[in-house]
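Per mature numbering (1 follows the signal peptide of the UniProt record, and there is no 0): the sequence shown = residues -26 to -1, 1 to 141. C-beta: ideal position from N, C-alpha, C; glycine also. Note that this is a predicted model, so its numbers are computed, not measured. Working notes, beginning with the structure itself.
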Amino acid sequence: MPFQTNILSYITFLVIIIMLNSDTSATTSVNNNQTSVKELISVNIDTNNTSNTIQEVIYAHFGDIIEINLKGNPTTGYTYRMIDFPNTSIIKPLLIDPLYTQDHTTEYLLGVGGTFTFKFQAMSAGETSASLVYARHFEHRPIYLIRVDVTFKILTSNMSPSNKLIS
């Protein structure tokens, strides 16, 4: 009897997950119709410099998707986390927690580093910022190893990064 109860609970759980995923995809397609993607901007930020604080300015236009790629190694306990969020009317985070992709190796190796990717979508013209921190976030008072302050400058369609009109 307990075995049958566990199976029924598991099946119920799967049905709920499937229903939630189907509702999410419908919502996503509606939102994508409102904001069309114009360009994918992929930014690799070098965190191997001598400074613990890195400042980056990223220019984009309405509808652009921005990927911020940062090297790291979660096997050390360090991960990236967004601690200061941007104004979502200007730029919307598509991922609150970054997507982690391990570097490709030809051998099976433990402790291989990889890339943390944050994704955003430009929603309207303006300027806002976000802070991404590489730390052991489970520590009571984490010591930040690296802080990346990103300023997003979302331009109107007829502006270039130098703030000159495009003819």
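When only Cα atoms are considered, T75 and P48 end up about 10 Å apart. In this structure, H111 lies near R55, with their beta-carbon atoms less than 7 Å apart. Ranked by Cα distance from H78, the options P72, G88 and I70 are led by G88.
The beta carbon of Q29 sits closer than 7 Å to the beta carbons of D123 from its chain, once the five residues preceding and following it are set aside; these are given in chain order. Straight through space, the alpha carbons of K93 and T62 are spaced by roughly 13 Å.
Runs of beta strand (DSSP E) with 3 or more residues, each lying fully within the stretch 48 to 96, are found at 53 to 58, 65 to 67, 73 to 76 and 88 to 96, listed in chain order.
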